[in-house]
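Undergrad:
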Amino acid sequence: MTWFIERLDAAEVSRAAPELAALLQNAVHNGAALGFLPPVTDAAALEYWRGVADAVADGARLLWVVRAGGRLAGTAQLDLAMRPNGRHRAEV
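For reference, each letter of the sequence shown is one residue, going 82 to 173 in my numbering.
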């Protein structure tokens with residue numbers, strides 16, 4: 082199986098939102114501690130990814146996805162510190 086990692090821009094996050102939402106729902110359903118309690122509704126998951134797309138568009142967040150065999154398998158986000166004295170910091 083081939084693994085592929087790519088960084089998404091805001092438009093790509095928006096296009097991938099249904100697949101990203103399903104991944105989030107699956108992770109929470111299987112016990113991942115991601116700030117959500119099961120069951121995560123479609124609306125809540127899509128709203129979350131819309132917020133991520135907005136943060137990416139604003140330059141406040143970077144998002145990478147990993148695909149395995151062409152299917153979305155995981156994500157990583159980096160929140161950039163936007164304060165003038167914190168531009169050298171970020172939060173994973």
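All C-beta atoms, glycine included, are put in the ideal place defined by N, C-alpha and C.
For Ala138, which residues in the same chain have their Cβ closer than 7 Å to its Cβ, ignoring the five residues on either side in sequence?
TA: For this step, residue 138 is matched to residue 57 along the sequence shown. The residues are Ala91.
Undergrad: Whole-angstrom Cβ separation of Leu153 and Leu101, contact assumed at under 8 Å?
TA: Along the sequence shown, one-based indexing puts residue 153 at 72. Along the sequence shown, one-based indexing puts residue 101 at 20. Rounded, the Cβ-Cβ distance is 7 Å, consistent with contact.
Undergrad: When we look at the beta-carbon of Ala141 and count the other beta-carbons within 10 Å, is it buried (16 or more) or exposed?
TA: Locating residue 141 in the sequence shown gives position 60, where the first residue counts as 1. Its Cβ having fewer than 16 others within 10 Å, Ala141 is exposed.
Undergrad: Could you compute how far the alpha carbon of Ala124 sits from the alpha carbon of Ala149?
TA: The sequence position of residue 124 within the sequence shown is 43, counting from 1. The sequence position of residue 149 within the sequence shown is 68, counting from 1. Rounded to the nearest angstrom, the two C-alpha atoms are 26 Å apart.
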